[in-house]
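Numbering (this note's numbering), first residue to last: 33 to 612. A virtual CB, placed ideally from N, CA and C, is assigned to each residue, including glycine. Bear in mind the structure is a predicted one, so any value in this text is a computation, not a measurement.
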């Protein structure tokens with residue numbers, strides 16, 4: 033077992049709902065430092081945990097996971113390798129053991145109210161308290177850090193309890209998570225390490241039941257995003273099913289919990305019930321049916337069916353204004369950098385300078401959902417429903433082929449409602465007819481030709497979200513970089529149309545690129561450079577990246593991103609077939 037052991041600036045470090053209570057409201061989340069062996073704990077202000085090294089000649093990392101870091105430090109004078117470990121014990125306490133040549137300490141640049149005595153340090157902010165203490169033992173230093181939104185007394189009580197924990201036993205439990213995962217034979221070391229890193233990231237993004245959620249629920253990255261997101265959660269389920277059946281189901285159950293009486297499901301929500309007023313790409317039925325194919329459990333189909341039906345009918349009623357079976361995203365006319373948050377492709381050039389369009393991606397997503405609903409209905413012996421959903425699928429399929437195919441370019445485009453013209457921007461959205469089974473073999477071959485064209489989509493790391501020969505192509509988020517969720521959907525579509533070799537090639541290049549940049553930077557990123565030459569940390573995200581890294585000033589390509597982790601795992605399991 034090759035555990036993740038690459039230190040990366042900005043890597044997530046947090047407790048998981050798989051290990052106990054871990055709430056949106058009270059959990060503490062942190063990231064690894066880039067200029068020191070330390071952790072930044074993010075709250076209204078922040079606390080830094082670091083180590084003062086004395087006579088240390090080297091550091092070897094055994095594991096750098098989302099909730100535990102284990103290393104050995106080489107003591108120059110004795111030549112001994114001494115263990116150092118710290119881990120999340122609860123949602124708001126961290127415990128550890130360090131050798132006496134690596135003294136733990138904490139500091140806060142922003143707290144003006146610090147209480148220091150021989151027993152502990154207490155940092156008091158407006159509504160939050162951190163407490164830290166350490167105690168010398170025979171050959172080591174035991175230490176703990178706690179956080180509370182309740183009171184100073186609560187923080188101190190948590191700290192005292194944390195100091196009683198058995199660090200070695202808790203460490204074994206954390207490593208035990210990896211030991212229970214399914215194994216794949218024959219993986220190279222980099223792929224295996226990155227796979228375990230992926231599972232570690234997936235683990236970090238699990239909340240326990242809270243508020244409106246009576247199940248576990250997931251979030252894209254804990255920082256800077258903390259809420260539940262619709263299509264992210266579905267993509268999470270594709271990896272989470274390899275952790276546990278319950279977690280995979282709960283990833284989608286939680287999204288369905290946010291549904292309103294009229295069928296609407298928001299793109300984002302939190303445990304308090306607060307939610308957005310836009311939706312997101314409909315992939316829920318696909319996710320539910322994928323889990324049925326994996327676990328063969330009709331119970332979840334029965335549980336989800338009516339909610340899915342009501343949601344898709346809400347889309348049909350509210351996102352197809354001209355009732356032509358082609359669907360329109362809600363566009364934010366006042367925004368420059370995020371004109372279509374609802375599509376998930378925030379700043380895509382598809383939406384530059386326009387308002388409503390019949391959209392190729394939305395229409396394909398809806399077609400695929402109808403196709404999955406038909407399969408579910410047949411599995412549940414709802415034969416009249418199956419006939420209805422088959423009709424919806426065929427109607428959308430015909431509309432896409434009749435109105436969104438451009439014979440001149442041999443490509444699918446969005447069509448502007450106001451003037452009936454194509455919005456001729458070549459993006460990955462136009463390959464979704466492969467994913468949804470919409471195109472015939474002739475048009476599928478045309479899409480294959482675009483994917484293998486060195487001047488457009490056949491980049492060093494495919495598939496760029498905008499064609500290389502499009503004037504809007506660049507390195508800013510949805511204006512050129514590679515997104516793993518689209519690669520995954522297109523890979524599946526290529527397989528369905530018999531293009532297995534191209535699908536395998538794109539999958540392997542995707543797996544290799546994620547592993548390469550993980551080994552280089554220690555993180556799994558939100559998106560990747562299509563030339564595979566520039567670190568994702570250096571790519572633009574609605575503006576230039578900030579150096580040194582600070583997501584509180586401006587979001588950059590997000591580190592330890594949820595669907596990159598889950599879909600990396602899915603790609604590895606689906607590409608490497610020998611599973612124990």
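Short Cβ contact (8 Å threshold) for residue 589 with residue 557: yes
Limits of the alpha helix (DSSP H) - the one that residue 528 falls within: 516-528
Among 300, 375, 413, the one whose alpha carbon lies nearest that of residue 333: 413
For residue 106 and residue 624, the rounded distance between their alpha carbons: Beyond the ends of the chain as shown, which are 33 and 612, falls residue 624; an answer cannot be given.
Proximal residues to residue 247 (C-beta, below 7 Å), its chain only, five neighbours per side dropped: 241, 282, 285, 286
Residue 243 beta carbon less than 8 Å from that of residue 303: yes
Range of the contiguous beta strand (DSSP E) that encloses residue 145: 145-148
Distance between residue 127 and residue 348 (C-alpha atoms, nearest Å): 52 Å
Within 8 Å, strictly: CB atoms of residue 216 and residue 527: no
In DSSP terms, what residue 307 is bridged to: 301
Residue 572 versus residue 377: straight-line alpha-carbon distance, rounded: 15 Å
Boundaries (first-last residue) of the alpha helix (DSSP H) holding residue 326: 316-327
Residue range of the alpha helix (DSSP H) that includes residue 560: Element bounds for residue 560: n/a, residue is neither H nor E.
Residue 559 to residue 522 span [Cα, whole Å]: 16 Å
N-terminal and C-terminal residue of the alpha helix (DSSP H) that residue 180 is part of: Premise fails: residue 180 lies in the beta strand (DSSP E), 172-180, not in any alpha helix (DSSP H).
Boundaries of the alpha helix (DSSP H) in which residue 596 is found, first to last residue: 594-607
Per-residue DSSP class, three states only, for residue 251: coil
Where residue 45 falls: helix, strand or coil (DSSP): strand
Nearest neighbour of residue 52, chosen from 44, 123, 61 [CA to CA]: 123
Sub-8 Å separation of residue 34 and residue 202 beta-carbons: no
Where the alpha helix (DSSP H) containing residue 494 begins and where it ends: Where residue 494 is concerned, there is no enclosing alpha helix (DSSP H), given that its DSSP letter is neither H nor E.
Same chain, Cβ closer than 7 Å to residue 470, neighbours up to 5 away in sequence not counted: 396, 399, 429, 432, 433
Whole-Å CB distance - residue 174 paired with residue 129, under 8 Å assumed: 6 Å
Whole-number beta carbon distance between residue 210 and residue 228, since they are thought to touch under 8 Å: 6 Å
Assumed close pair residue 538, residue 600 - CB separation to whole angstroms, cut-off 8 Å: The Cβ separation is near 14 Å, so there is no contact.
Beta carbon of residue 289 nearer than 8 Å to that of residue 298: no
CB-CB length for residue 667 against residue 43, believed under 8 Å: Past the edges of the chain, shown from 33 to 612, lies residue 667, and the structure says nothing about it.
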